[in-house]
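K.L.:
With UniProt numbering applied, the sequence shown corresponds to residues 1 to 136, in that order. Sharing a structure below in C-alpha cells format, with a few things to ask.
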Amino acid sequence: MAANANSKQVYKGGLQLPISRIRTIMKSSPDVENIGQDSLFLIAKAAELFIQTLAQRACEDSKGLKDIGYNHVAEVIQTDDEYDFLREILPRKVKVKDIPGLEYITEGDEEVSDEEEEPTEEGAEEQGESVGEESS
Numbered sequence: 001m002a003a004n005a006n007s008k009q010v011y012k013g014g015l016q017l018p019i020s021r022i023r024t025i026m027k028s029s030p031d032v033e034n035i036g037q038d039s040l041f042l043i044a045k046a047a048e049l050f051i052q053t054l055a056q057r058a059c060e061d062s063k064g065l066k067d068i069g070y071n072h073v074a075e076v077i078q079t080d081d082e083y084d085f086l087r088e089i090l091p092r093k094v095k096v097k098d099i100p101g102l103e104y105i106t107e108g109d110e111e112v113s114d115e116e117e118e119p120t121e122e123g124a125e126e127q128g129e130s131v132g133e134e135s136s
C-alpha cells in the first residue's frame, strides 16, 4: 500500500521519530548504560523540535519555495551562530571548479613525478649498462 506524501507516521507518545532508532543511537555511546523511558521520550521530543525549528528557518530563508533542500539547511547553519556546532557536519556544497588551486585532470594528461625513476634491469640493458655498475 503506497503511503500518501502528506501523511505522517505517528509513533508512541505522539512522536514522529521512531523511539527504537533514538535508543539505538543513544546506546552507541560508550558512556550510556541504561536509558529510562522518560529520558528517551524527552530526547526524542527535543530532537523533533530541533529539526522542526531548523526546517522552519530554512523555509523562511528559501523565500517562499515549496520545497527546501540541503543547500537551504546548510545556508542557515553557516550563517546563524546558533547552529555553529553543525558547520563542519553540514557544509555548503561547493563545485570542484570553484575551489581555487585545484586543476582538472583530463584523460590525455599524465601525472608527472618530481622524483627521478631508478633504472630497472631492462632499462639499464637498453642503455648498455648493467644494474649495480657505476659509470665512470
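Glycine included, each C-beta is placed from N, C-alpha and C at the ideal position.
(1) Whole angstroms are fine: how far does the CA of K97 sit from the CA of I19?
(2) Could you give the DSSP three-state label for S62: helix, strand or coil?
(3) For A55 versus I68, is the C-beta spacing smaller than 8 Å?
(4) Measuring CB to CB, does L90 end up less than 8 Å from A47?
(5) Closest to K45 by C-alpha separation, out of E60, N71, G14, G101, would be which residue?
(6) Rounded to whole angstroms, what is the Cα-Cα separation between A74 and R92?
P.N.:
According to the data block:
(1) As the crow flies, the alpha-carbon of I19 is around 42 Å from that of K97.
(2) DSSP places S62 in coil when its eight states are reduced to three.
(3) Contact flag set, yes.
(4) L90 is not a Cβ neighbour of A47, given a cutoff of 8 Å.
(5) Ranked by how close their Cα comes to the Cα of K45, the residues E60, N71, G14, G101 have G14 in first place.
(6) Between the alpha carbons of A74 and R92 lies a distance of about 6 Å.
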